[in-house]
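In the working numbering, the protein residues as written are 76 to 478.
Quick reminder that beta carbons are idealized off the backbone N, C-alpha and C, glycines included.
Have a look at the structure below before the remarks.
Here's what the structure looks like:
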């Protein structure tokens, strides 16, 4: 028979208290178990009374100031995160100013105008009456995108279209970091001023995810300057494989398309126009093709990156029913409207990667997964369509660095 050593009384007490999440519940349990803990001491000795007094003082401090200690600890953690966010914000701001001066050849110093744009934000449409909200949201987003591009065009007269798109996305990354920094700082200062445990807890709970995404956005900003493909562009990369050695033409805003034949099937393949950073409006392109073909489309395939779950392998491929497009949902809604009205099947081929990997330069596993996704699409066409059918394949995602 194995001899299992029993835990010491004070160890059991400590483990019990450490497992209780709320400070007042801890205090209640300690108050109840305190006499039993003292009973484990065989004798106080000459210095035992001093240990007893210290224990009582610590106990009272914990009872009276436990939550304040927790608030102080959380505020220190948030304060360190704010310093890091401020450094990232300033770094991306400096990169943006430097890139615009170098690639855009502005006539005058763009610093003041850039600082003005950094405070820009979008007000969403009212949602009290959901009727027509997608149309209103699309209009607001179109105005926002055009405003960004016009502002960048004014301060970068020497930039071509690809550089203009890269600088626009770079500026949007700087705006995002500035907004995140101000939001985190707001909750930090509010919690510090009110000494509210729950105000500080709100931001402290999501802080790790916020910091990871902020680091990823900063990395994406550097990719926009260098013109490197992002993980989010894997859908566009898959489409580029299918469009290789074929003549492409622009069919919608920032969307190019090729028409070809695959084993007797008419194949329309589209992606955002590269190599500048663009996502385009794939819904307009898909709807136009459907209309031009009299609604006689047998299948719509969207190819996009999907945020993987923890434990899933980067670059793994999955199939789904439905339209795979992220963002605000405007393009997704418009494609679903057309597909449901004409009874066109919609399927998706998804390449899995983390949210951080989607915003950072494309990893080798994601790049290699694009080739596997092409073969998966070909198999899907053989299984789900017949000779003579017309099929649309849309590569979704930011096409920076991808022709």
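Item, Value
"Simplified DSSP assignment, three categories, for residue 402", "coil"
"Element boundaries [alpha helix (DSSP H), containing residue 225]", "208–230"
"Simplified DSSP state of residue 387, which is helix, strand or coil", "coil"
"Helix, strand or coil at residue 103 according to DSSP, with G and I counted as helix", "Caution applies to residue 103, whose pLDDT of 47 falls short of 50 and renders its modelled position unreliable; the value that the coordinates give is listed next. It is helical."
"Reduced DSSP category for residue 379 - H, G, I as helix; E, B as strand; rest coil", "strand"
"Residue 418 versus 442, 391, 439 and 374, residue with shortest Cα-Cα distance", "374"
"Cβ-based burial, residue 466 [other Cβ within 10 Å; buried from 16]", "buried"
"Where residue 435 sits in the DSSP three-state scheme", "coil"
"Ranges of the alpha helix (DSSP H) found wholly within the stretch 111–188, counting only runs of at least 4", "123–178"
"One or two residues paired with residue 470 in a DSSP bridge", "378"
"Span separating the alpha-carbon of residue 470 from that of residue 271", "47 Å"
"N-terminal and C-terminal residue of the beta strand (DSSP E) that residue 345 is part of", "340–347"
"C-alpha gap between residue 180 and residue 280, whole angstroms", "44 Å"
"Bridge partner(s) assigned by DSSP for residue 372", "Answer is none; residue 372 lacks a bridge partner."
"Any C-beta of chain D under 8 Å from that of residue 234", "Given the protein chain composition of this structure (a single chain), no chain D is represented."
"Residue 352 versus residue 302: straight-line alpha-carbon distance, rounded", "8 Å"
"7 Å Cβ shell around residue 408 - same chain, five flanking residues per side excluded", "209"
"Cα-Cα separation between residue 323 and residue 269, rounded to whole angstroms", "60 Å"
"First and last residue of the uninterrupted alpha helix (DSSP H) at residue 297", "272–301"
"Neighbour-count burial assignment, residue 368, 16 or more Cβ in a 10 Å radius", "exposed"
"Beta-carbon proximity list for residue 414, same chain, < 7 Å, skipping 5 on both sides", "375 and 421"
"Beta carbon of residue 293 nearer than 8 Å to that of residue 167", "yes"
"Whole-number beta carbon distance between residue 305 and residue 296, since they are thought to touch under 8 Å", "No, residue 296 and residue 305 are not in contact; Cβ-Cβ is about 11 Å, not under 8 Å."
"Which of helix, strand or coil DSSP assigns to residue 323", "coil"
"Three-way DSSP call (helix, strand, coil) for residue 328 in this model", "coil"
"Where the alpha helix (DSSP H) containing residue 239 begins and where it ends", "236–269"
"For residue 433 and residue 378, believed in contact at Cβ under 8 Å, the rounded distance", "Their Cβ separation, rounded to whole angstroms, is 14 Å, which puts residue 378 and residue 433 out of contact at 8 Å."
"Spatial distance of residue 93 from residue 254 (CA atoms)", "Low local confidence applies: a pLDDT of 44 at residue 93 is under 50, so the model's placement there is unreliable, with the coordinate-based value given in what follows. If you take the alpha carbons of residue 93 and residue 254, they lie about 37 Å apart."
"Of the listed residues 218, 129, 165 and 457, nearest to residue 248 (C-alpha basis)", "165"
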